[in-house]
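Contents: one structure, followed by commentary.
Number of protein chains: 4
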Amino acid sequence: MVRVGILGAAGYTGGELIRVLVHHPEVEIVFANSESNAGNRVADVHEGLLGDTELRFTDQMPFDQVDVVFFCFGHGKSEAFLQEHTIPAHVKIIDLAQDFRLKGDHDYVYGLPEMSRDAIRQCQHLANPGCFATCIQLGLLPLAQAGLLTHDIAVNAITGSTGAGQKPGATTHFSWRNDNMSVYKLFAHQHLHEITQTLNELAPASAPHVADPLTEGYDTDGITVDFIPYRGDFARGIFCTEVVKLDQPQSADSIVALYKDYYRDAAFTHYCDAAPDLKQVVGTNKALVHVEVFGRKVVITSMIDNLLKGAVGQAVQNMNLMFGLNEKAGLGLKAIAF
Amino acid sequence: MVRVGILGAAGYTGGELIRVLVHHPEVEIVFANSESNAGNRVADVHEGLLGDTELRFTDQMPFDQVDVVFFCFGHGKSEAFLQEHTIPAHVKIIDLAQDFRLKGDHDYVYGLPEMSRDAIRQCQHLANPGCFATCIQLGLLPLAQAGLLTHDIAVNAITGSTGAGQKPGATTHFSWRNDNMSVYKLFAHQHLHEITQTLNELAPASAPHVADPLTEGYDTDGITVDFIPYRGDFARGIFCTEVVKLDQPQSADSIVALYKDYYRDAAFTHYCDAAPDLKQVVGTNKALVHVEVFGRKVVITSMIDNLLKGAVGQAVQNMNLMFGLNEKAGLGLKAIAF
Amino acid sequence: MVRVGILGAAGYTGGELIRVLVHHPEVEIVFANSESNAGNRVADVHEGLLGDTELRFTDQMPFDQVDVVFFCFGHGKSEAFLQEHTIPAHVKIIDLAQDFRLKGDHDYVYGLPEMSRDAIRQCQHLANPGCFATCIQLGLLPLAQAGLLTHDIAVNAITGSTGAGQKPGATTHFSWRNDNMSVYKLFAHQHLHEITQTLNELAPASAPHVADPLTEGYDTDGITVDFIPYRGDFARGIFCTEVVKLDQPQSADSIVALYKDYYRDAAFTHYCDAAPDLKQVVGTNKALVHVEVFGRKVVITSMIDNLLKGAVGQAVQNMNLMFGLNEKAGLGLKAIAF
Amino acid sequence: MVRVGILGAAGYTGGELIRVLVHHPEVEIVFANSESNAGNRVADVHEGLLGDTELRFTDQMPFDQVDVVFFCFGHGKSEAFLQEHTIPAHVKIIDLAQDFRLKGDHDYVYGLPEMSRDAIRQCQHLANPGCFATCIQLGLLPLAQAGLLTHDIAVNAITGSTGAGQKPGATTHFSWRNDNMSVYKLFAHQHLHEITQTLNELAPASAPHVADPLTEGYDTDGITVDFIPYRGDFARGIFCTEVVKLDQPQSADSIVALYKDYYRDAAFTHYCDAAPDLKQVVGTNKALVHVEVFGRKVVITSMIDNLLKGAVGQAVQNMNLMFGLNEKAGLGLKAIAF
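Same order as they appear, the protein sequences are chains C, A, W and B. According to the numbering used here, the stretch in the first sequence is residues 68 to 405, in order. According to the numbering used here, the stretch in the second sequence is residues 68 to 405, in order. According to the numbering used here, the stretch in the third sequence is residues 68 to 405, in order. According to the numbering used here, the stretch in the fourth sequence is residues 68 to 405, in order.
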């Protein structure tokens, strides 16, 4: 049994993590830390856990009793936490925030199993990817590796409201969001950092530089990911299209073959022959990817559950890899479907 | 032209009132008061008004320039406002809050046109009914008048999220409310006050007393309205069923005739032969009522748009009556339907 | 491993059953029968199964290779099927339709574990309860057993669209149903048969007869379940309130104690201290029950996922009991929550 | 009063047209033709009309009694109808189908007032634009006229379910569509015909040819509109983004000025300084347009109600122009907003 500690356990991702882990056959939750909820029953705070666990939140952090700690903090707080606290070296860390996703003066591995499964298996510290970033990268990885990203990429991605977190606000008010659509952080979403990092890392040396527009701007010699995020009127899921322009026309078959080959051994990412819909992945840790070709344009559709493959499910998948468990352990989640 | 002033114009009902009044052929909005939004364009604050009005909020209250003032305050603030301000005697007041709905030491007429159209026509001060109260009363008025309310009445009413107002909170968070159902203020909703007041007022002397359980409790000799309010996962509308037990079985025809007769001259309340659905009224000032009879049980279905017939639309209907206009002026609202 | 065959496998409940069983640790699906889909991949027909199974539909029915057969036919077709086919005596049958729910000239046990767990454990043939019937009965069982059902019972239950099945129609058209509410089969839903059967069976001899209004009418000496079914604008779940009138006032504590005691050993039905909401059970096999008392009125809230505890999940729970497995095996389903 | 006849009056657009026209102050509906519903009350067939009209469907077509006929047929049936019937020359025709939208051997004017108001005022026969086509064109017209469309245009547009019409089907089943997202007719939507026709017509001679990929393919020398249509999980509205690449960077101010100038006199299309959301237009005949600039990329957001500005509302706007009425007559529709 992997002994687990959870920090920030009273938040959205904390709750979803507990909902997954209480049914994981090889995990014991040792502590769920939350100062503000210390003493309260987890099932009284997190929707859907009544009858599944008698666990209570604690303000303690007994790191010596665990094998791994999940950081479910808000962005920026993981690094701050580590400056004030010492976690024993043998305890693995899985950080769900964005603090260590970009390479730098740290040893965190970027936890996208479809790109770095071996490195994840051997790492001690892991930075779990962002939800949009996961979905968009899974749509582009095979083309990046093949050196086929040579023009600006049009990305449109629609997210459920859980992507906006737990705190109520104007754009998560039901009266406003129900039946509504809008865009936000147009061409400026922070996940562009990790997306461009991955695309450059995976591409052959001959491929053009993918510019990070947040640091390099849009007047650049590199190619850019032109990312429009939309607020969707559903709670869970990210539905994404990516349009890539090729230098030369290629057959649909050859492009599809690239995708099928790339994801042949993926545990949760599947190429889908027919155009998929979002609810095929909601409630699961799966990603579905579909491709069509029109002249020199490749149109990819990719989709995930933002709280699972886009956050907690991928974190557990990474934990499974880090501890040598079956990659799918505890993640045989029934699709909601309807 | 009726010259209108609006207090509390930056709130939910304020916004909906402006959305109705900008298209009213016989109204001029003289001022829309909001201290916090003074100077801002109304169309920048209230969804859906761009292109309809160049009006700006003001912190002034030029009562001498208007014929009527709408109070769109939160509950309890109308009375407080009147203690601190003087409104000229010739200016009519329409209060959308609950402050003057119960009879007392004031001259406000309870503004349910289906019950008191004549009194409304002659009144200077009007208390606009609550949304649930409107919908439930319209389901029960004909039976009350006929003296047929002699047993406890089972009322189940499902409301849209706009009933909870503009301020975001846990139960209006999209991630929670979407696809969800719950109950609240079980057997204890404050609208029971005005409902019981009306039922007792309308009933013949021989009918049993309808107890107000909020003041008399449920261990009472009177009959009670057993009201379960539900939070629905839609934004607009109240859908209500009322079950009334008769002393003696009566034919469905005779009961239906009571309803058709009662609402024969109603401007917006219609008896519906087939079982109606909520979206037939959404976006309009209409109420639909339908009745079926099983043995000694009469089952009524009633429905309104909570922001229109349940608030702003009824307020404008009352204004039309108070100024001798066509009762339907400005209220020929297209049904949203889908 | 329990070897399973599924008839009617291409329908809604067939699909949901497969979504559950592919992750059940002690089940092997031997065949999924569908004539019209024979040869097609199950994952191409049923949403959410891509990557979970390579199973294909078959038009064969190799009963000699299975331990249990699930009937996922439409209502009325199970009995017809058995008249035309012979299933070996050692093969257990779990029928999800209504054909054998009422006692009669057959040996099917009514499969509500909260009432008949021991009989289920020993039965060979099982009739799985209806969705509304499950939710309503779970709200009333403790009071029935205590002999406290002595007056007509007001039941209001709101169901998701999946209750209406797979075939598209006017009331399941998204454009109509979205944001809408309506009632149907008012006081006449067919589940009243099984509900009244249970309440009479469970009640002490001294309790009044519960009339089945579908056969006895509403002008009856017995008490009646006055059931109003609503179409909700969500896909999954049934949310129900039941109002029971007692002969004598009782303390809330004593009533709550009845419920806690009755469900003490239930695997999936939990008493909830705070008022629950529907999404606490969506995606799971759980039922939640909550009680409040006002004078002589007991107000119960009960809720389930109609496709799981109301159909497929309960069928698997019954299968677990019939084969001596852990009652919860394969049913540790993550709550969708949002 | 304009005397109106409606053909195909029992369909979706027929219903919405009646919902608008019953409140139009200068219109009398003379007949609403539907063979299958002849004799039935319109209010019994079309949601939301109870209390608004006593009109009944007829199988007659008294063209001599009307000034204008609206064709609310399915696509392809308008032309067929005209081959079998003769409409008096003085009766104007407004066709809501796509039969006459492309220039050809006919005198129908393409009815987009923001482009051709004068021609519309003088025309006898009018082809009302498609819903997607309206929304996308309104996002691109100012750039087209300025000759700034010189590269492929990325268009993503999400439509409500009413765009799929009245007939229930798999992708309009509530259980499937609720909370779901999907794409369809990828790069192949039939509205590309009319969109490319407009862009070429409006552009200066020096601008590159906009290819119609449905007839010219995507391997073309012209630029293409790369259009991805999405099925949204709401009933009404189209929300669209268009990304245009300029040859040279231009200031945001200069681009915004183009839009404000182009739509200065538009009756219903408004430039919006802040990023708008879809529900600002739902229930109205408005279009909102917003622009942001990143390097050489112009990102436009445009949105309409697909049944109003995208169909019926625009048809009535065109009727107003054709009869010399105030362009806004009968179209002062209250925004639903929530």
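Beta carbons are placed, not taken as given, at the ideal position from N, Cα and C, and that holds for glycine.
Interface annotation for the segment 196–226 of chain B against chain W: empty, criterion Cβ-Cβ distance under 7 Å. The Cβ atoms of residue 105 of chain B and residue 140 of chain B do not sit closer than 8 Å to each other. Residue 357 of chain W: member of the beta strand (DSSP E) spanning 354–361, first to last residue. Rounded to the nearest angstrom, the gap between the Cα atoms of residue 210 of chain A and residue 257 of chain A is 22 Å.
If you look at residue 267 of chain A, you'll find it in the alpha helix (DSSP H) that goes 259–269. For the segment 103–124 of chain W, the set of positions with a beta-carbon nearer than 9 Å to some beta-carbon of chain C reads 111, 113, 114, 115, 116, 117, 118 and 119 in chain order.
Taking a Cβ-Cβ cut-off of 8 Å, the neighbours of residue 302 of chain B in chain W comprise 241, 242, 245 and 246, given in sequence order.
DSSP, read as helix, strand or coil, puts residue 206 of chain A in helix. Inter-residue distance for residue 248 of chain C and residue 267 of chain A is about 47 Å (C-alpha atoms, whole angstroms). The C-alpha of residue 114 of chain A is placed about 8 Å away from the C-alpha of residue 346 of chain B. Per DSSP, the beta-bridge partners of residue 307 of chain W are W/224 and W/369. Residue 321 of chain B sits in a helix when the DSSP states are folded into three classes. Out of A/208, A/310 and A/226, the CA that lies nearest to the CA of residue 298 of chain A is found in A/226. Per DSSP, reduced to three states, the secondary structure at residue 328 of chain B is helical. Counting other Cβ atoms within 10 Å of its Cβ, residue 145 of chain B reaches 16 or more and is therefore classed as buried.
Annotated as proximal: residue 348 of chain W and residue 355 of chain W, with beta-carbon spacing under 8 Å. Under the Cβ distance rule, residue 344 of chain A counts among the residues neighbouring chain W, one pair being separated by less than 8 Å.
For residue 237 of chain A, a Cβ of chain C is located within less than 8 Å of the residue's own Cβ.
Beyond the five residues adjoining it in sequence on each side, residue 223 of chain C comes within less than 6 Å, by CB distance, of 295 and 308 in the same chain, given in chain order.
Sixteen is the threshold: when 16 or more other Cβ atoms of the shown chains lie within 10 Å of the Cβ of residue 159 of chain B, as they do, the residue is buried.
In this structure, the straight-line span from the alpha carbon of residue 260 of chain W to that of residue 269 of chain W is close to 15 Å. Within chain A, no C-beta atom comes nearer than 9 Å to that of residue 252 of chain W; the closest sits roughly 10 Å away. Excluding its 5 nearest sequence neighbours in each direction, residue 395 of chain W has C-beta neighbours in its own chain below 7 Å: 334, listed in chain order.
In the three-state scheme derived from DSSP, where H, G and I count as helix and E and B as strand, residue 272 of chain A is classed as coil. Taking 8 Å as the cut-off, the Cβ atoms of residue 367 of chain C and residue 206 of chain C count as close.
Short of 6 Å from the beta carbon of residue 219 of chain A, and not among the five residues preceding or following it, lie these beta carbons of its own chain, in chain order: 290, 291 and 293. Contact between the segment 72–88 of chain W and the segment 226–238 of chain W is present, with at least three C-beta pairs closer than 8 Å.
Checking the DSSP bridge columns, you'll see residue 297 of chain A partnered with A/225 and A/250. Taking every protein chain shown into account, the CB of residue 376 of chain C has 16 or more other CB atoms within 10 angstroms, so this residue is buried. If only uninterrupted alpha helix (DSSP H) runs of at least 4 residues are considered, those enclosed by the segment 133–203 of chain W are 144–151 and 180–189.
Within chain W, no residue has its CB atom less than 7 Å from the CB of residue 101 of chain B, the nearest being about 17 Å off. Ranking B/190, B/143 and B/168 by CA distance to the CA of residue 156 of chain B puts B/190 first. At a cut-off of 8 Å, the C-beta of residue 369 of chain A has no neighbouring C-beta in chain C. Distance between residue 117 of chain B and residue 93 of chain A, taken at the CA atoms: about 25 Å. In this structure, A/75 is the residue among A/283, A/75 and A/171 with its C-alpha nearest to the C-alpha of residue 124 of chain A. Here residue 233 of chain W has 78 and 79 as same chain residues with Cβ atoms under 8 Å from its own Cβ, once five neighbours each way along the sequence are excluded.
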